[in-house]
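Novice: So the protein lines, in turn, are chains A and B. Under our numbering, read the first sequence as residues 33 to 551, first letter to last. Under our numbering, read the second sequence as residues -14 to 908, first letter to last. Dropping the structure in here first, questions after.
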Amino acid sequence: MGDVVIILPFLLPIAGAAVGMLLRRWHRLRAGWSLVVLALACAVTATVFWQVAQSGQARTFQMGGWPSPFGITIVADALSVTMALMSQVVFVFGFVYALGAKDKAVHYETFHPLFLMLAAGLTGGMLTGDIFNLFVMIELVVISGTVLTAISDDRFGTEAAYKYFLISLIASFTLLFGIGSLYVSYGTLNMADLAQRISANPEQPLLPIALILLSITFMIKSAAVPFHFWQPDFHTASPTPVSAMLSSVVVKLGVYGFMRLTTLLAPSATWIKDLLIVTGIVGVIFGGLGALGTHNVKRMFAYSTLAQVGFIYIGVGWGTSLSLAAAVLFTINHAIIKSAMLMLSGYLASRAPVKTASFSVVRGVGRYAPLSGVLFFLGGMALAGLPPSNGFISKWALFWSGVVAATSGAIQDRWTYWLPLGLVGISSVITLVYVFRALMRIWWEPFEPPSPEEKVKPRGDSLLAPAGLVTLCVLLGLLGQPLTDWTQRVSEWMTQPGKYVQAVLQAEETHRRNFSVQP
Amino acid sequence: MPSLGAEFALALDGLSLLFGLIITGIGTLITIYAGYYFAPHEPTERGEAEGRFFLYLLLFMTAMLGTVLAADVITLFVFWEMTSITSFLLIAYKTSHAASREGAFKALFITGAGGIALLAGLLLASALSDSTDLSKIVHNGDALRASEWYHVMLLLIAFGAFTKSAQFPFHFWLPAAMSAPTPASAFLHSATMVKAGVYLLARLYPAFGSTATWFWMLSLIGMSTMLIGAVIGLRQTDLKALLAYSTISQLGALTMLTGQNTPIAFKALVIGILAHALYKGALFMIAGGVDHATGTRDLRQLGKLWRAMPLTFAVAAVAGLSMAGLPPLLGFLAKESLLTSLLEPTDATITQLVQPAASVLAGALMLTQAAIVSIDTFVTPPGAGFPACFNRPSTSKNHSQHKHHVHDLPLGMLLSPIILGALSLVITTLQPEVVATLLAQAASTTYGNKVKVSLELFHEINLPLVLSGVAIGVGAGLFAWRSQARAVLHHLMLSMDTLYNAILDALDVAAQRVTQLQNGRVRRYLFVMLVAMLVLVVAFGELPRLLSNHILTESLATALQGQITPTEVLRASAMTLAVAASLVSVIIRRDLLAILAFASSGLAVAVLIALEPSPDVALVQAIVDILSMVILVLALSRIPQHQRRQAEALNKHPSISNRYSALLAMGVSLVVFLLSWYALASRPRISVVTPFYERNAKPLTGSADIVGAIVVDFRGFDTLIEICVFGTAGVGVMTLLRLAMKKAEASRLTDSGESENNDLEERSRLTLSNKLSGIDGLRTSPFVRMVARAAMPLSLMLAFVQMVYGHDQPGDGFTAGVTVSLAVGLWYVVFGYERTKQQLAAFKPPLLIGIGVLIVLLSSTSPILFGQPFFSPYNFGEALHLPLPHGFDLTTSLLFELAICLVVLGSAIFILDTLGRPSHMEE
């Protein structure tokens, strides 16, 4: 029957959301309950993480006891449990921010259940070992994300949500078609089983189509250029606690998909990796420039995500053991940094005379909020990859993996290393420009409202959550050793897909129930 | 960080010791000085306590010490970047001044870009040396120089060093950085941080040096920086800016020396570093003091201060003499050794002439500048030595106010410059052995071989001494004619700022272009995305392989040969209907008709599915189709008429972009068609799971219906998540429409007081009188009411039957839920909103959804109590020996179906309730 514990990370939030629906009139009780549920889910994920890290073994669970590949498998291997833990931790911080936020949206009676559903869908998507179940989890993410953004205080919230939903429908279609093509070709939906069968028979005519359709889906999910159009609007307009989740961990679902696609499902399809490198390069430059060109802090960080995801793409695309580790490290660190930065932007908007994060309004507002300035400065250093922050360590790891591969690799492949490296360098400079320009505009320039009645509000959202996240950034920068070591172990798992396959299929042997009719 | 091959390591050798002593020594003096500098009279801004300054300063000192002590390239880089950051904070110390912010940003931009290049270069060197250990990299010099990456590495590292040390063409950030408080300028931007680049080059000389590239690059860049700094410096009117340019010039000389390959060059290097740190530190502090006392740093306003500030003048004179390179000060020795080393160049071609000549010229200019600092400020009257084209700023009030209480600096502020000035003198006149040893150590470790350093002032009359004399003569001449020299320079525009601004502007323009792409039109977004998808699928999908596959042709052949049965005819007509109806729904202009066409297309698909034959799926398809049609029509009724007409009018005149969209849609459809065709034609597929499901559905789940077994048992978890999706959608619609309305209503009520309230009362009275009428107040006939009344219990019964027996027969919880929802929908239409709400008060959507999801979770958890895995099928009736009628099984599946039914019902009621709410109620 496996480890029932590993399904709790997403079942607990679902149960919490259901109970939350029943507690609609008691706002405080519902908020407290939801926080407890999320924290509990996070603690459970941490426990599972610890066990997987200690034992070095993947843990699996077969839903309903049906053996794989017939039933749905949930797999907690090094990669999935790391991603799930990252998401849960950021979600707890996001919820804490929501508790102290002044938005109207967070006081709606359905906000907490919806937030929990978003957490459940994301974590489930990362932990599932079944590709159709992944589709269903993505649906849950899409619908809860759409609703949470549509109810935003921002008047463009509904419009942004509509666009996102429409584009997500296309993603659902491509994903479903991709899954269908795989099922037609290999007759199974279990990812481990698929991996085995694909490597045994890679000549199926529909395989390339399935892979490109899956790639397109993951690109839409992680907002890669030119599939990014939904992202800047969506991440800007959604309520800050939600936006901080969307731009930090929810986009990582697509990244995670690529990690699985290139290391587990089709490691032999090198063209996906080339595609990732090219898309990554485009994203890195495009996102950086976009962030430079916007007039809104939240939007700036939304664009910045395009660039940062580009960095990760390049790491996954290089596909060496070092670069995969760097990509995982980058994914985790960026999640922490970006959620903190978006929360700080939201905080500013809540202090501004008019509730918006537009530069023209928040200019100089920071003069009245020095603590947020310190946090923004530290977080900005992390985003720009300056030491001593976790952002530096991830940039260093990525550079290092590229340099090592470039100096040891074959000559004809070199451009795939030095060209991205050069552009990543340029993009880093652009990051420096936009982050510190924002810092100067908001905290250093004088506050000059168009009319003297407009005053900085005395109180805004609570700074507790971003402070915690920024502290985490600094701590992970100063004491980055354990995390860096761990990501290298994750990348060892990733470069040996056999380990994953074996874990799932062995589970079938040991957990098979006493069936009257054997398959 | 061993996992990335680096660790935190520090080491001390001669070079580090020299730098370390400069940093700590001058650092201490600066801290003492700053304590007085920020003392009471400097007005501090709101929230800008001096504590902040000292925090930054000490952080910087730590970082700088770390940079020179680092024994590992990553450690070095971390501290290197920390110096950039603290420098940024110190330059922008007076944050409310635009000049401070711009200067800080400029410095950060330039040194930040250099830092990234440096990181890449250092990592390359580490990768080629298999270690980030600095000593290993240094010892790996032969391999590095032979590597094909040598030039890349060298360029990257040199870029980092040049930006940090303000070498041409990156020098322009340093003058802008002068907006920092003077103690910071004295420490960071003259004595220590800017020398970090030179330090790095010297440190890496054994690894990269002594090649032609190294020599030419460093010599040329260094020489041009030296000259440009010296020339532009003369033009400056700001005391600190002048000092900044002379620093640039000096840094250029040091870089040039690092490029040489002779022991004497390294001797000159270490002496130059020390001498410059001593006299420039002192001069900066003097400048700060003068600023402090008079309120200005403008050379055109300063003059004749020696009377008021005699002690300050004395110190300035000593430091100025050292800067001018006159004996008996250390500066003289530095210039002597510089000239000596340049006369014995590595590459004995043209450089033998050019470099000394340039140095003599720079030396002369340096003397002039030193004279300006010491003499123009303290001796000559204000404004002397400036041509007319240098417009004097009108004497500000601020300045005149300060003027009458100009007095000498407090001793605390003078202490540090006195010590530094004295050192310049003491080192040469007393020639302490310890300093010579220290310098010799530094030079030797850098060069890699023993370098002798003596601090004797006078050896004999030789060429360098003669050249020195020439420099002094020319410099004195230039000082005498400084007015004319300035006039000439005034017209010489030589500014890298233009280029810097151009780069930033170009970036901004590109950024604007990028953000303009995001024009908010979802149609454009979709167009681009679909084109990209099509391109990707065609590029990577290997479509030709698919097309040439024999399966397609074979399937076509079988289809053509096959006999025409009645089923085939039905199938063909259903298919035609489906395609035609969906086409019509696109083309047709009236929205209501389009919805109806769309729905009929859906029903035709249901027929196709039924013919498959899979009646279960067909039932769901049909019923969902009907429900969505009802919802769409209800939604339509809420859109204002004029908006609907507008939208219809838009469709009347298809634009060009419409045509492109149509083309694109056809392209996408074609690909989808091909793929579907192949997928269907390659049946019977090699399914791994289907045989298992077929064999085990009945014995293990008790369901004869394989679809039911999959949905509820084998893949029940998918269904659980899907009902969460469904519930979330319902909750979402409710939240969005209802709460948003409430919000708008509340704000409107507070906005326009009473008249609105009266209006509302009027309306509610109207509603009451319409209690007997249906939707939109239309009266309904008794017969219709009776049917509607009957429909509710019937639908509930139907739902019950479907749930209980659905496991075996067509029908399931989903269909049950939709059936009941349809009946509820009918009530809304027939009885109107108010009465339906009243009579169906028990149907509370949030409760239905919450309880539904909880039931699934509980029922799927309950098998654990009986020792079965989570989510496994379990027959409670059998286990507990309950007397149940035949065919009725109390199982987890039944609970599951019930839960699905509740969630679907809850969500559908949410939607119907929101859409069915009469429009006047939320206005």
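C-beta atoms are modelled at their ideal positions from N, C-alpha and C, and glycine is treated no differently.
Taking only the alpha-carbon atoms, compute the straight-line gap between Ile691/B and Val329/A and give it to the nearest angstrom.
Specialist: Taking the straight line from one Cα to the other gives about 53 Å.
Novice: Going by the DSSP bridge assignment, what does Ala55/B pair with across the sheet?
Specialist: Leu(-5)/B, per the DSSP bridge assignment.
Novice: Closer than 8 Å, CB to CB, is Pro831/B near chain A or not?
Specialist: Yes, Pro831/B lies at the interface with chain A (some Cβ there is under 8 Å from its Cβ).
Novice: Would you report the Cα separation of Trp350/A and Leu356/A, rounded to the nearest angstrom?
Specialist: The alpha-carbon atoms of Trp350/A and Leu356/A are separated by roughly 8 Å.
Novice: Just to confirm the assignment, what range does the beta strand (DSSP E) spanning Gln94/A have?
Specialist: Gln94/A -> beta strand (DSSP E) spans 91 to 94.
Novice: In three-state DSSP terms, what is Ala255/A?
Specialist: Coil at Ala255/A, not helix or strand.
Novice: Would you kindly work out how many angstroms separate the C-alpha atoms of Asn486/B and Ile462/A, rounded to a whole number?
Specialist: For Asn486/B and Ile462/A, the distance between alpha carbons rounds to 14 Å.
Novice: Please list, in chain order, the chain A residues whose beta carbon lies closer than 9 Å to that of Leu534/B.
Specialist: According to the sequence shown, residue 534/B is Asn rather than Leu. The answer, in chain order, is Pro237.
Novice: How do the region 214 to 224 of chain B and the region 178 to 194 of chain B stand: do at least 3 beta-carbon pairs fall below 8 Å, yes or no?
Specialist: Taking 8 Å as the limit for Cβ pairs, the verdict is that the region 178 to 194 of chain B does not touch the region 214 to 224 of chain B.
Novice: For Gln824/B, is the classification buried or exposed, using 16 other Cβ atoms within 10 angstroms of its Cβ as the cut-off for buried?
Specialist: Classification for Gln824/B: exposed.
Novice: Decide if Met138/B is buried, meaning its Cβ has at least 16 other Cβ atoms within 10 Å, or exposed.
Specialist: It is buried - the Cβ of Met138/B has at least 16 other Cβ atoms within 10 Å.
Novice: How big is the Cα-Cα spacing for Arg774/B and Ser892/B?
Specialist: Distance between the alpha carbons of Arg774/B and Ser892/B is about 22 Å.
Novice: Report the three-state DSSP secondary structure of Gln534/A (helix, strand or coil).
Specialist: Of the three classes helix, strand and coil, the one that applies to Gln534/A here is helix, per DSSP.
Novice: Between Met481/B and the rest of its own chain, which residues show a CB-CB distance below 6 Å, the 5 nearest in sequence each way excluded?
Specialist: So the qualifying residues of the chain are Pro154, Phe157.
Novice: Return the first residue and the last residue of the beta strand (DSSP E) that Ile106/A is part of.
Specialist: That run of the beta strand (DSSP E) goes 105 to 108.
Novice: Is there a C-beta anywhere in chain A that falls below 8 Å from the one on Met67/B?
Specialist: Met67/B counts as touching chain A.
Novice: Comparing alpha-carbon positions, which option in Ser654/B, Phe855/B, Phe317/B lies nearest Ser844/B?
Specialist: Cα-wise, what sits closest to Ser844/B is Phe855/B.
Novice: Can you name the start and end residues of the alpha helix (DSSP H) that Asn365/A belongs to?
Specialist: Residues 353 to 383.
Novice: My guess is that Leu198/A and Val716/B are in contact by the Cβ rule of under 8 Å, so how many angstroms apart are they, rounded?
Specialist: Going by Cβ atoms, the distance from Leu198/A to Val716/B rounds to 20 Å, so no, they are not a contact pair.
Novice: Name the chain A residues that come within less than 7 Å of Ser667/B, Cβ to Cβ?
Specialist: Under the 7 Å cutoff, chain A gives Val216.
Novice: So, under 8 Å CB-CB, Ala387/A and Phe333/A are touching, yes? Tell me the CB distance rounded to an integer number of Å.
Specialist: Checking the displayed sequence, the identity of residue 387/A turns out to be Lys instead of Ala. Not a contact, Cβ separation roughly 17 Å.
Novice: Are Ala301/B and Leu268/B close, meaning C-beta to C-beta below 8 Å?
Specialist: A contact, by the Cβ cut-off of 8 Å.
Novice: Mark Leu415/B as exposed unless 16 or more other C-beta atoms lie within 10 angstroms of its C-beta, in which case mark it buried.
Specialist: Flag for Leu415/B reads exposed.
Novice: Could you pull the DSSP bridge partners for Asp118/B from this structure?
Specialist: Per DSSP, Asp57/B.
Novice: Under 8 Å, with one C-beta from each stretch per pair, do the region 299 to 318 of chain B and the region 251 to 266 of chain B reach the 3-pair mark?
Specialist: Touching, yes.
Novice: Under 8 Å, do Met158/A and Ser119/A count as touching if we go by C-beta distance?
Specialist: Closer than 8 Å, so yes.
Novice: Residues in the same chain with beta-carbon distance under 6 Å from Val394/A, minus the five sequence neighbours each way, listed in chain order, please.
Specialist: Excluding positions up to five away in sequence, the list reads Leu380, Ala384, Ile474.
Novice: For chain A, check one thing: does any of its Cβ atoms lie closer than 8 Å to the Cβ of Leu751/B?
Specialist: Only weak support is given to the placement of Leu751/B: the predicted model assigns it a pLDDT of 47, under 50, and the question is left unresolved by the model.
Novice: In whole angstroms, give me the CA-to-CA distance for Phe42/A and Thr155/A.
Specialist: If you take the alpha carbons of Phe42/A and Thr155/A, they lie about 6 Å apart.
Novice: If the cut-off is 8 Å on Cβ atoms, which residues from the region 76 to 99 of chain A count as contacting chain B, listed in chain order?
Specialist: If the cut-off is 8 Å between Cβ atoms, the region 76 to 99 of chain A has Phe93, Gln94, Met95, Gly96, Gly97, Trp98 near chain B.
Novice: Are the beta-carbon atoms belonging to Leu450/B and Glu329/B less than 8 Å from one another?
Specialist: No, Cβ-Cβ distance for Leu450/B and Glu329/B is not below 8 Å.
Novice: Measure the C-alpha to C-alpha separation of Trp525/A and Asn365/A and round it to an integer number of angstroms.
Specialist: Taking the straight line from one Cα to the other gives about 20 Å.
Novice: Determine whether the Cβ of Cys709/B lies closer than 8 Å to any Cβ atom of chain D.
Specialist: Annotation note: the requested chain D is absent from the structure, which comprises protein chains A and B.
Novice: Roughly how many angstroms separate the alpha carbons of Val406/A and Pro831/B, rounded to a whole number?
Specialist: Their backbone Cα atoms lie some 43 Å apart in a straight line.
Novice: Are the CB atoms of Asp920/B and Pro295/B nearer to each other than 8 Å?
Specialist: For residue 920/B there is no data in the structure shown, the boundaries of chain B being -14 and 908.
Novice: Along the region 102 to 116 of chain A, what residues have a CB closer than 8 Å to any CB found in chain B?
Specialist: Answer set for the region 102 to 116 of chain A: Phe102, Gly103, Ile104.
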